[in-house]
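Colleague:
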Amino acid sequence: MSLHDYELVVGLEIHCQLATRSKLFTDCPFDTGGEPNTRVDPFTLGWPGTLPVPNAEAVRLATRLALALDCELQAHSRFARKHYFYPDLPHGYQITQADAPYAKGGAIPFAPGKALPLERIHMESDAGKTTHGVREGVSGVDYNRAGAPLVEIVSLPALRSAKDAAEVLRSLRQLVRWLGVSEGDMEKGSLRCDANVSLRPRGVEALGTRCEIKNLNSFKFLEAAIGAEARRQADLLDRGEAVVQSTMAYEVDADRTWVMRSKEDAADYLYFPEPDLPPLRLEAAWLDAQREALPELPGPRRDRYLAAGLSDYDAEQLTADRATGDYFDAVCEAGAGAKAACNWIIGELAAAMKAEKLEMVACPVTPAQLAEIIALVEADTINGRAAKQVFEAVFAGEGAPREIVERKGLGQVSDRAALEAVVAEILAAHPDQLAALRGGKAKLRGFFVGQVMKQTRGRANPQVVQALLDAAIAER
Amino acid sequence: MAAEFVGMGAARLAAAVAEGEVTAAALLEAHLDRISALDGEVRAWRHLDLEGARAQAAAVDAARARGERLGPLAGVPVGLKDIFVVEGMPTQCSSRMLEGWVPGYQGTHAQRMREAGAVLVGKLAMDEFAMGSSNENGPDPSVHNPWDLDFVPGGSSGGSAAAVAARMVPLSLGSDTGGSIRQPASFCGVAGLKPSYGRVSRAGMIAFASSLDQAGPMALEVEDLALALELLAGADPKDASCVDLPVPDLRAACRGELAGMRVGLHRAALGLEGLDAGVRACFEDAIARMREAGAEIVDIELPHFDAAVACYYVLCTAEAASNLARYDGLRFGHRVPDADLEVQYAKSRASGFGDEVKRRIMLGTFVLRADSYEAYYGRAMKVRRKIAEDYTAAFARCDLIASPVSPVAGFRLGERVDDPLAMYLSDVFTVGVNLAGLPALSVPSGFAKVGERELPVGLQLIAPAFEEARLFRAGAAFERLTPALRERVPPLLAKGGA
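So the protein sequences, as listed, match chains A and B. All residue numbers for the first sequence refer to the working numbering, where the first residue is 1 and numbers rise by one. All residue numbers for the second sequence refer to the working numbering, where the first residue is 1001 and numbers rise by one.
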C-alpha cells in the first residue's frame, strides 16, 4: 500500500497568547520581549505566600474568542493544577483547566463551507523559557513569559489534509487579530500549534493510533510536519508494524519527524482542582454583553461583499483584516459604489499605505474623503488621472478633495466647444499623422488623444475628446 | 515600672500607650525582658527582630508625641508564627528548605498589623510547614509548654500559643489548617480563633493546604481576638478566596450574653474512645455553666463526624504535596547542588524537608495519582460536602456548636513522635471545622490531670460561616463565667519571669 491507500486524520491543539497587559493570575505587567526576568513579580517567581488572582481582561478576551468560534460558554468552570518539575515552571505546577473548561464545542471556519469542529477551549498560564548554553555549561531561565495568559484550543480529529490544517491556523490567526484577542504572531510564539496525526485504511471507520507533533511554529512547518508524520506512519503500517502513541518532534532540515517520548513514559500530572481559586462563573447577562460587543466576523463579512457583487478576490482582500473591511464599509456608507471603493482601497490606497508602512487604522485619507474623490470621478468633475493626483494630495494632508481640485485646477473640461478648438488645432498641426490615421493607422488615435491631453494639462474629458476625434477623422 | 504591664491584654496595653501611661518603647523592653528570662526554657521564638521592633516602638512614641491619632494596636508587641511573610525578616516555616530566605515583599497580615500600630517582635516556632500537633516536627528545638516544660505546647502554632501563655506577648498570629490554632490554644490555656474560610486573607501566609488554611489570632482574652480579627479581616486583592464581606463590630459582640443562645451538643462524639476523662469532665462542666447562664443546650447530629479525620488527611496531604512542589532548590532556600537536575531536585528535597513533611508529600502524591484519584481525592471531596451539609443541618437547630478541642489535655515531648497515626486521630474535634470552612474559637475552660500533672483544657465553640460575632458573644460571656481561670498563670511565671 502507499500513502494514497490511507486516510489522513488530523486534530490540532493551538495555544494562543491573550493580548492582555498583565499576566493571567497577577497584575505583573507583561509584554513580549524585554531583558530576561524583567517582567516578574513575587507570584510569577513562585515565592511562598503568594496567590493567584484571575485577570478579568484575560477572561474577557478568552470569552470573546470562544463566542466568535460559536462555542458553548460554561456558566461554571474551574481551574486545575498540572504538576511537573522543570526549572521554567516556578510553582511546580501549571494552572490550567482540566475537567471543567470554560468553553466547549464550536468550530474554526477555514474556507467557504468548511470548519474544523472543536472539542473545547480552556485557559491556562504559560511557562517561562529555558535556554541552554547561555554561557559555557550554563542554562538560563527567563520567567518573563511565566504566567502569561493562554487559551488552548483543542479540535476534534476532523481534518483530512495537511493543507487544511495550515488553512485552519491561518484563519484562526486572522480571527484572533480581528477580535483583538491576540497578536497571533507565530514567530514570537503568541500562536503555537501541535498536531495529532493518525492514518487509517480508506473505508475504515475506526481511528488509527495517533502521534502528537509538538511546537509547529509556522504554517509551512505545520503542513510539512503533518506530511512527514503521515509518511512515517504509512511506512510503519506498510511494513506491518504498529504505530506507537508518541510525542513527536519535527526536524525541518531533514523534513522528518522523530519520537521524543512514547506514551509509556508519559508523566502523571497529578491533576486536581486549583484550591487557591474559586470556580469561574460567567454570568448570562455579562455573556450577552460580550456577544453583543462582537464585531461582524470575517465569514459573514465576506458573504456580504460577495452579495454586493464583489469578486472572490476582492472580498478576500477586503477581509484580510478587520480595519480594511471597516474602512471599505465606511467609504460605501459615505456614498461610494462598492466596486469603485474596493478598487481604490486595494489599489491606490493599499500601495500608498505600504509605501509609507502605515497600518489601516492610521490611514491619512478618511473614508469620506475617498468617497468624495470617487464621487468627483463619477460626476465627471475630474478624470481618472486627476483623481490620482487628488488622492496623492489628500494622502499628503493637503486638504479636502474638492478644494484640491479647485486649487490645482484639476477640474475636467467636458465643454465640447472648447475641446473642439483644441482638437482642430492639433489636427492642423500634424497633417502627416492625420493622413496616416485616415489611411488606416489606427494606433495614431492614441497620439492625438495624448496631444489633446497635453494641451489641456490632463483635464480634457477623454470621452468627449474621443468623440470629437471620431467626428474629425470622419469629416475628410 | 513597665513590667507591671506584662501580662495585660492587647487592648488594655494599646489604651495605656495612647493615654501615656507607658511608652511603646518601655512596653517593648519589658516584654523583651520576659522573653529573655523565659525563652531559654520555652523556646517559642525562632527569630527576634530587636532592631526593627525598637524602631517601630520609637515610631509609635514619636507619633504620639506629635499628637497623631494612634492605631488600635499602637505600641502592642505582637509575635507572628514563622509561616507569615514579613518583608525583610527571615521567614522559614520552621523548615530547612527555606533556610536563608528573606522575603522581598510584605505579607497582608504583617502589613495590617503594622498599620494598626503593632510592634512586630519576631517569628514564633511551629511545626515544619504547619504540619503537626506538637511542635516537634522540623529542624529546630521543640517548644515547651509553659504550664509544664515536659509537655508539648500543641501544634502547629505551638510557639504562638506558648509565647502568649508565658506572657511574652499579649497577642500572636497563628494559622489553622486542621486545628493548628485551637489545639495549642487549648494545651497552653490561651484563647485562639480560627476564622471562617475566606474571612482573612491568605496572601503572605505560606501555604500548607490552601482550601483549609486560615490565619487567626491567639491571645489571653477573647476580646483581644475580636480586636485582632477586626484588623485582619476583609477583602484582599491578593487573595481570590478572601471574601468581600463587611466585618461586624466584634468587640461589641463580646459584651453579649449567653442567655438566649442555643448551643448544639453532639453527644455521640463524647463517647469517643480516647476522649480523656478529665477533658470530658471539663467539657461537661462548661456545658453546665453555659446552661446556668441561660443558654439552651440542644442535641445535634453530625452523621459524618467519624469520616472527618480520614477525609482531612487525604485532602490536606494532596494540597500540601502540590503547594510544596515549588521548593525545588532552584530559586530560593536550601539546595544540594548536582550536575544532574533531577538528582539535584531529589537531593535538595530529601534533605530540605523533615520526615513528617515528606510523609505528607508522599501521601498526597499517592492520592492524586491518576489511578488512585477517584478512590481517594475524589471520594474525600464528596465526603467533605457531606460534612459541610451536616453542619448546615445542625445549625438549623442551634446558633453554635460546643465540643472539646482535643481529646487530651496534652502529652509529653517525644511521647507520640513515633506514632503519626495517633497524632492524626487526635485532630478529631477540629478538622471538620476546616473541611466545612467554619469559624471556631478555643477558649480556656478548666484544667485536667495528665498523670500527676495538671494542664489547661479549652472549650471549642463553632459557628456558621461568617458568624464570628456569635463566637465572640458566647466566648466572652463564657470567659466572664470563669474568672478564676484568668487568675491562674503558668508556674514558670511565678518562678522568676515577672
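Note that beta-carbon positions come from the ideal geometry of N, C-alpha and C, so glycine has one too.
(1) Rounded to a whole number of angstroms, what is the C-alpha to C-alpha distance between E1286 of chain B and L1098 of chain B?
(2) What residues match up with V1450 of chain B in a beta bridge as DSSP calls it?
(3) Can the beta-carbon of V1119 of chain B be found closer than 8 Å to that of V1085 of chain B?
(4) Say whether chain A places a C-beta atom closer than 8 Å to the C-beta of D1328 of chain B.
(5) In chain order, which beta strand (DSSP E) runs of at least 3 residues are fully inside the segment 1399 to 1464 of chain B?
(6) What residues of chain B sit near P90 of chain A, judged by a beta carbon separation below 8 Å?
(7) How many angstroms separate the CA atom of P112 of chain A from the CA atom of I345 of chain A?
(8) Over the uninterrupted alpha helix (DSSP H) stretch that includes N196 of chain A, give me the two end residues.
(9) Please confirm if L3 of chain A has its CB atom under 8 Å from at least one CB of chain B.
(10) Given this structure, state the Cα-to-Cα distance separating G337 of chain A from H83 of chain A, to the nearest angstrom.
(11) Note down the Cα distance separating L270 of chain A from A1233 of chain B, rounded to an integer number of angstroms.
(12) Does V550 of chain A have its Cβ less than 8 Å from a Cβ in chain B?
(13) Can you name the residues of chain B whose CB is closer than 9 Å to the CB of W47 of chain A?
(14) On a CA-only basis, which of A:L199, A:V141 and A:G347 is nearest N37 of chain A? Give me that one, please.
(15) Rounded C-beta distance between P279 of chain A and H76 of chain A? I'm assuming under 8 Å.
(16) Could you confirm whether any beta carbon from chain A is found closer than 8 Å to the beta carbon of P1237 of chain B?
(17) If I measure Cβ to Cβ from R1199 of chain B and keep anything under 6 Å in the same chain, skipping five residues before and after, which residues do I get?
(18) Per the DSSP calculation, K1081 of chain B is bridged to which residue(s)?
(19) Have a look at A474 of chain A and E420 of chain A and give me their C-alpha separation to the nearest angstrom.
(20) Tell me which same chain residues have a C-beta within less than 7 Å of the C-beta of D41 of chain A, skipping the five on either side of it?
(21) Look at the alpha carbon of E1136 of chain B and the alpha carbon of S262 of chain A, and state the distance between them as a whole number of angstroms.
(22) Using a Cβ cut-off of 9 Å, pull out every chain A residue sitting near R1369 of chain B, in sequence order please.
(23) Comparing alpha-carbon positions, which option in A:R39, A:T50 and A:E398 lies nearest Y1105 of chain B?
(24) With a threshold of 8 Å between beta carbons, is L1120 of chain B in contact with chain A?
(25) Excluding the five sequence neighbours on either side, which residues of its own chain have a C-beta within less than 8 Å of the C-beta of T209 of chain A, listed in chain order?
(26) For the segment 3 to 31 of chain A, list the beta strand (DSSP E) runs that are entirely contained and at least 3 residues long, ordered along the chain.
(27) From which residue to which residue does the alpha helix (DSSP H) around S1348 of chain B run?
(28) In three-state DSSP terms, what is S161 of chain A?
(29) Pull up the distance between the alpha-carbon of R1335 of chain B and that of S1351 of chain B, whole angstroms please.
(30) Given a limit of 7 Å on CB to CB distance, which residues of the segment 1348 to 1373 of chain B reach chain A?
(31) Is L282 of chain A close to chain B, meaning its C-beta is less than 8 Å from at least one C-beta of that chain?
(32) Is it buried or exposed for N215 of chain A, if we count other Cβ within 10 angstroms and need 16 for buried?
(33) If you follow the alpha helix (DSSP H) that R60 of chain A is in, where does it begin and where does it stop?
(34) Do the segment 1006 to 1016 of chain B and the segment 458 to 472 of chain A meet, that is, are 3 or more Cβ pairs less than 8 Å apart?
(35) Which whole-angstrom value is the C-beta distance of A1062 of chain B and L1028 of chain B, which I expect to be below 8 Å?
(36) Please work out which residues of its chain come closer than 7 Å, Cβ to Cβ, to R445 of chain A, disregarding the five sequence neighbours upstream and downstream, and give them in chain order.
Modeller: Quick look at the numbers:
(1) Per the sequence shown, residue 1286 of chain B should be read as Ala rather than Glu. Going by the C-alpha atoms only, they are around 42 Å apart.
(2) Residue pairing for V1450 of chain B: DSSP places it in a beta bridge opposite B:R1453.
(3) no
(4) Look at D1328 of chain B: its C-beta is under 8 Å from a C-beta on chain A.
(5) 1400 to 1404, 1440 to 1450 and 1453 to 1462
(6) R1326 and R1331
(7) 23 Å
(8) Where N196 of chain A is concerned, there is no enclosing alpha helix (DSSP H), although the beta strand (DSSP E) it sits in stretches over L191 to P201.
(9) It does not: the Cβ of L3 of chain A has no partner Cβ on chain B nearer than 8 Å.
(10) 59 Å
(11) 33 Å
(12) Missing from the structure shown is residue 550 of chain A; chain A here goes from 1 to 476 and no further.
(13) The contacting residues are V1085, W1101, P1103, G1104, Y1105, R1326, R1331 and F1332.
(14) A:V141
(15) The pair is a contact, with the Cβ atoms about 5 Å apart (cut-off 8 Å).
(16) yes
(17) Only A1233 meet the Cβ criterion.
(18) DSSP, once it has assigned bridges, lists B:L1124 as partnering K1081 of chain B.
(19) 14 Å
(20) T26 and C28
(21) 45 Å
(22) Within 9 Å Cβ-Cβ: D268 and L270.
(23) Comparing Cα positions, the closest option is A:T50.
(24) False, the Cβ-Cβ gap to chain A never drops below 8 Å.
(25) Excluding residues within five positions, the ones whose Cβ falls inside 8 Å are S198, A242, V243, V244 and Q245.
(26) 6 to 17
(27) L1341 to G1352
(28) coil
(29) Cα to Cα, the separation comes out at about 9 Å.
(30) T1365, L1368, R1369 and A1370
(31) With 8 Å as the cut-off, L282 of chain A does not count as an interface residue toward chain B.
(32) exposed
(33) A56 to A68
(34) Verdict: no, contact absent.
(35) No, A1062 of chain B and L1028 of chain B are not in contact; Cβ-Cβ is about 14 Å, not under 8 Å.
(36) L437 and L469
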